[in-house]
Amino acid sequence: MTDLVPISLTVNGERVSAQVLPRLNLADFLREQLGLTGTHVGCEHGVCGACTVRVNGDTVRACLLLAVQAENASVQTIEGLSDSGEVSDLQAAFRARNALQCGYCTPGMLMAAQDILIHEPQADREQIREHLSGNYCRCTGYHAIVDAVQATARARSEQTR
Amino acid sequence: MKASAFSYTRASSVVDALELLARHGDQAKVLSGGQSLMPALNLRLSAPELLVDIGAIAELRGVAVENGVLRIGALTRHVDVLRSAEIAKHAPLLTDAIAHVAHPAIRNRGTFGGSLAHADPASELPACVLALDAVLLVRSKNGERRIRAVEFFTGIYETLLSPEELLIAVEIPVAKPNAVHFFHEYSRRKGDYAIVGLAASAIRDGDVLENLRLGYFAVGDKPMLATASEHLTGRPVTASMLADAQTALDAELDPQEDQQASAGMRRYLARQLMARCVSTLLDRQDLATRALV
Numbered sequence: 001m002t003d004l005v006p007i008s009l010t011v012n013g014e015r016v017s018a019q020v021l022p023r024l025n026l027a028d029f030l031r032e033q034l035g036l037t038g039t040h041v042g043c044e045h046g047v048c049g050a051c052t053v054r055v056n057g058d059t060v061r062a063c064l065l066l067a068v069q070a071e072n073a074s075v076q077t078i079e080g081l082s083d084s085g086e087v088s089d090l091q092a093a094f095r096a097r098n099a100l101q102c103g104y105c106t107p108g109m110l111m112a113a114q115d116i117l118i119h120e121p122q123a124d125r126e127q128i129r130e131h132l133s134g135n136y137c138r139c140t141g142y143h144a145i146v147d148a149v150q151a152t153a154r155a156r157s158e159q160t161r
Numbered sequence: 162m163k164a165s166a167f168s169y170t171r172a173s174s175v176v177d178a179l180e181l182l183a184r185h186g187d188q189a190k191v192l193s194g195g196q197s198l199m200p201a202l203n204l205r206l207s208a209p210e211l212l213v214d215i216g217a218i219a220e221l222r223g224v225a226v227e228n229g230v231l232r233i234g235a236l237t238r239h240v241d242v243l244r245s246a247e248i249a250k251h252a253p254l255l256t257d258a259i260a261h262v263a264h265p266a267i268r269n270r271g272t273f274g275g276s277l278a279h280a281d282p283a284s285e286l287p288a289c290v291l292a293l294d295a296v297l298l299v300r301s302k303n304g305e306r307r308i309r310a311v312e313f314f315t316g317i318y319e320t321l322l323s324p325e326e327l328l329i330a331v332e333i334p335v336a337k338p339n340a341v342h343f344f345h346e347y348s349r350r351k352g353d354y355a356i357v358g359l360a361a362s363a364i365r366d367g368d369v370l371e372n373l374r375l376g377y378f379a380v381g382d383k384p385m386l387a388t389a390s391e392h393l394t395g396r397p398v399t400a401s402m403l404a405d406a407q408t409a410l411d412a413e414l415d416p417q418e419d420q421q422a423s424a425g426m427r428r429y430l431a432r433q434l435m436a437r438c439v440s441t442l443l444d445r446q447d448l449a450t451r452a453l454v
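If you read the sequences in order, they're chains A and B.
First residue of the first sequence: 1, per my numbering; consecutive thereafter.
First residue of the second sequence: 162, per my numbering; consecutive thereafter.
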């Protein structure tokens with residue numbers, strides 16, 4: 001009854017097939033079976049946002065999704081966004097503004113920040129704060145993170161002008 | 162924590178899902194968006210033997226308007242509700258409310274029907290469907306039944322749904338041209354569950370409210386349609402009418418104390434929400450300060 005289930009999905013552009021237990025969540029699948037440890041596991045009940053990944057283009061909590069639910073999905077993790085250079089300016093802004101200390105929340109924070117930068121490139125500080133409200137950071141007090149996201153938004157809008 | 166072991170099956174259609182639920186009864190749990198079920202599994206508050214994943218059933222998704230009724234499929238995601246032009250036009254209360262449901266990454270997975278079937282007394286949507294006088298369409302292998310929202314919720318995480326039944330869709334009468342609505346909740350962090358919240362709808366005729374429906378949440382073991390609204394309809398609201406309504410509200414509330422708020426604080430916030438609501442619905446600034454009683 002609780003046998004392994006075959007799944008097939010795309011992770012950071014690569015086709016992946018695996019056998020998983022139904023109870024395995026996507027975050028643990030990415031970390032333990034694929035070695036993609038950039039997706040962090042914090043609270044494991046959807047509160048902290050450290051496990052934020054993209055599934056079919058939408059940000060989701062990887063701890064609140066079973067690996068079996070990701071059948072045929074396209075998953076992008078922080079490794080994918082980092083390797084492709086999609087968030088390199090955002091990462092540089094995080095570094096420049098001390099928007100991270102311990103770094104535990106940073107992958108999820110980058111995923112959530114990139115999501116608002118894509119969908120609401122003109123977002124103001126209040127909208128940025130609201131969009132990141134589901135991501136806990138216990139080091140920075142958030143101010144520097146909002147600074148970094150806003151600076152990236154401005155830089156990107158100047159580039160496209 | 163990690164979820165305990167369970168089996169998993171993906172339902173290919175509503176008929177298939179109902180067959181599975183009929184066979185497995187209360188050993189099975191329906192998985193839709195999973196944004197409430199997965200935390201419960203991970204915390205081992207729930208340990209079903211089988212998850213029936215309905216996530217791929219396309220016929221349960223989508224929003225439609227027909228014959229004066231807005232129909233929202235149970236699997237419609239919160240983000241789709243938020244972006245729906247039809248919902249914004251015909252049930253704008255939901256558009257306002259859904260922005261308070263959790264966070265973007267949760268709204269990308271969580272579903273309208275899932276939230277109702279889960280019936281967390283502190284969640285927004287159950288109170289909204291009370292305020293909107295919605296009807297919930299429920300199906301089992303043996304047939305379909307329609308349940309009024311006001312009867313659907315029976316307790317903490319409890320509804321009239323039996324283990325063999327699936328919530329199919331929600332039907333909401335489209336808002337009349339002179340309909341008005343109000344939504345507000347107090348919470349510690351944007352997107353958290355409410356300490357106290359109010360979803361309200363009414364018909365406004367000049368400075369008079371009719372058919373005022375006050376759906377309170379996080380004030381008890383289930384969302385509550387406050388009968389105190391009867392003090393506020395039929396004639397222009399005065400300060401003394403509002404005071405009577407607040408007294409009546411206080412009498413029908415039975416809020417619990419928890420780590421977020423005392424029962425007394427919840428009573429105070431509920432009265433304050435009533436004043437804010439009436440003041441907003443009627444554009445009457447003079448009524449907004451009447452909470453301080």
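Even for Gly, the Cβ is constructed at its ideal location relative to N, Cα and C.
Item                                                                                                                         : Value
Residues, ordered as in the chain, of the stretch 228-259 of chain B that lie near chain A by beta-carbon distance below 8 Å : Val-240
Beta-carbon gap between Ala-361/B and Phe-343/B smaller than 7 Å                                                             : yes
Asn-203/B - containing alpha helix (DSSP H), residue span                                                                    : 198-203
CB contact below 7 Å: Asp-58/A versus chain B                                                                                : yes
Ala-99/A in three-state terms, based on DSSP                                                                                 : coil
Spatial distance of Arg-244/B from Lys-250/B (CA atoms)                                                                      : 11 Å
Test item: CB-CB of Leu-475/B and Ser-276/B under 7 Å                                                                        : The structure shown has nothing for residue 475/B, since chain B only spans 162 to 454.
Ser-172/A, enclosing beta strand (DSSP E) - first and last residue                                                           : For residue 172/A there is no data in the structure shown, the boundaries of chain A being 1 and 161.
Partners in chain A for Phe-167/B, counting only beta-carbon separations shorter than 7 Å                                    : Thr-2, Pro-22 and Arg-23
Asp-353/B, DSSP secondary structure in three states                                                                          : coil
C-beta atoms of Asp-419/B and Gly-316/B nearer than 7 Å                                                                      : no
Short CB-CB distance (under 7 Å) between Pro-265/B and chain A                                                               : yes
Rounded Cβ spacing between Asp-115/A and Pro-265/B (contact assumed at less than 8 Å)                                        : 7 Å
Residue range of the beta strand (DSSP E) that includes Leu-297/B                                                            : 296-301
Helix, strand or coil at Tyr-169/B according to DSSP, with G and I counted as helix                                          : strand
Opposing strand residues paired with Ser-423/B [DSSP bridges]                                                                : Answer is none; Ser-423/B lacks a bridge partner.
Cβ neighbours of Tyr-347/B in the same chain (closer than 6 Å, five flanking residues each side left out)                    : Ile-356, Val-357 and Leu-430
Start and end residues, alpha helix (DSSP H) containing Leu-328/B                                                            : No alpha helix (DSSP H) contains Leu-328/B, which is instead part of the beta strand (DSSP E) from 327-334.
7 Å Cβ shell around Val-20/A - same chain, five flanking residues per side excluded                                          : Leu-4, Val-5, Ile-7, Phe-29, Ala-67 and Val-68
In DSSP terms, what Ser-385/B is bridged to                                                                                  : First, the residue type needs correcting, since residue 385/B is Met and not Ser in the sequence shown. Bridge partners of Met-385/B: Tyr-377/B.
Test: Met-199/B CB closer than 7 Å to a CB of chain A                                                                        : yes
Rounded Cβ spacing between Ala-112/A and Thr-160/A (contact assumed at less than 8 Å)                                        : That belief does not hold up - the Cβ atoms of Ala-112/A and Thr-160/A are roughly 22 Å apart, past 8 Å.
Separation of Asn-339/B from Asp-366/B, as counted between CA atoms                                                          : 7 Å
Within chain B, partners of His-40/A - CB distance below 9 Å                                                                 : Those within 9 Å of His-40/A in chain B number zero; the least Cβ separation is about 14 Å.
C-alpha gap between Arg-95/A and Val-242/B, whole angstroms                                                                  : 37 Å
Buried or exposed by the 16-neighbour rule on C-beta atoms within 10 Å, applied to Gln-122/A                                 : exposed
Start and end residues, alpha helix (DSSP H) containing Arg-268/B                                                            : 265-268
Short CB-CB distance (under 7 Å) between Ile-333/B and chain A                                                               : no
Leu-359/B - DSSP class collapsed to helix/strand/coil                                                                        : strand
Cα-Cα separation, Ala-288/B to Gly-35/A                                                                                      : 43 Å
Three-state secondary structure (DSSP) of Ile-308/B                                                                          : strand
Start and end residues, alpha helix (DSSP H) containing Ser-207/B                                                            : Careful: Ser-207/B lies outside any alpha helix (DSSP H) and carries neither H nor E.
Exposed unless 16 or more other CB atoms sit within 10 angstroms - verdict on Glu-326/B                                      : buried
The stretch 216-232 of chain B / the stretch 301-315 of chain B touching (three or more Cβ pairs under 8 Å)                  : no
Coarse secondary structure for Ala-217/B, derived from DSSP in three states                                                  : coil
Helix, strand or coil at Arg-15/A according to DSSP, with G and I counted as helix                                           : strand
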